[in-house]
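Heads up: the structure comes next, in structure tokens.
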Amino acid sequence: MAKKAWIARNKKRKETVAKYAEKRRKLKDAGDYEGLQKLPRDASPTRVRNRCSITGRSRGYVGKYGISRIKFRELAL
């Protein structure tokens, strides 16, 4: 199981990305890269890590189902 702080940090990043998504899109379309730099660092979608929704595991993530390969296998059997 991943540390609770990592899971919480990733959740906060997802919220920040969602909050600034529209503003980022407008700035990118306008080509205003200085404006993009003024946004929070965690507003970039590349800062979000895919994690298992059950265990918080970051490796072996099955994107279609949102869980790790281990939990996927356990639930399938």
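Residue numbers (the working numbering): 1140 to 1216. Yeah, the Cβ is synthetic: ideal placement off N, Cα and C, and Gly gets one too. As the structure is a computational prediction, the values presented were derived from the model and not from experiment.
Would you tell me roughly how many angstroms separate the C-alpha atoms of residue i and residue j, rounded to the nearest one?
{"i": "leucine 1214", "j": "arginine 1152", "result": "28 Å"}
{"i": "serine 1197", "j": "glycine 1170", "result": "33 Å"}
{"i": "tryptophan 1145", "j": "glutamate 1161", "result": "26 Å"}
{"i": "serine 1207", "j": "lysine 1167", "result": "33 Å"}
{"i": "glycine 1202", "j": "arginine 1212", "result": "14 Å"}
{"i": "proline 1184", "j": "threonine 1155", "result": "9 Å"}
{"i": "lysine 1164", "j": "asparagine 1189", "result": "Before going further, note that residue 1164 is arginine rather than lysine in the sequence given. Looking at the two C-alpha atoms, the distance is approximately 22 Å."}
{"i": "isoleucine 1193", "j": "leucine 1216", "result": "17 Å"}
{"i": "leucine 1175", "j": "tyrosine 1200", "result": "30 Å"}
With H, G and I counted as helix, E and B as strand and the rest as coil, what does DSSP make of residue i?
{"i": "valine 1201", "result": "strand"}
{"i": "isoleucine 1209", "result": "helix"}
{"i": "asparagine 1149", "result": "helix"}
{"i": "leucine 1178", "result": "coil"}
Can you check which of these residues, the options, is closest to residue i by C-alpha distance?
{"i": "aspartate 1181", "options": "Ala1157, Val1201, Asp1168 and Lys1165", "result": "Ala1157"}
{"i": "proline 1179", "options": "Ile1209, Leu1216 and Tyr1159", "result": "Tyr1159"}
Could one say the Cβ of residue i lies closer than 7 Å to chain D's Cβ atoms, at least one of them?
{"i": "tyrosine 1159", "result": "Absence of chain D from the displayed structure is noted, only one protein chain being present."}
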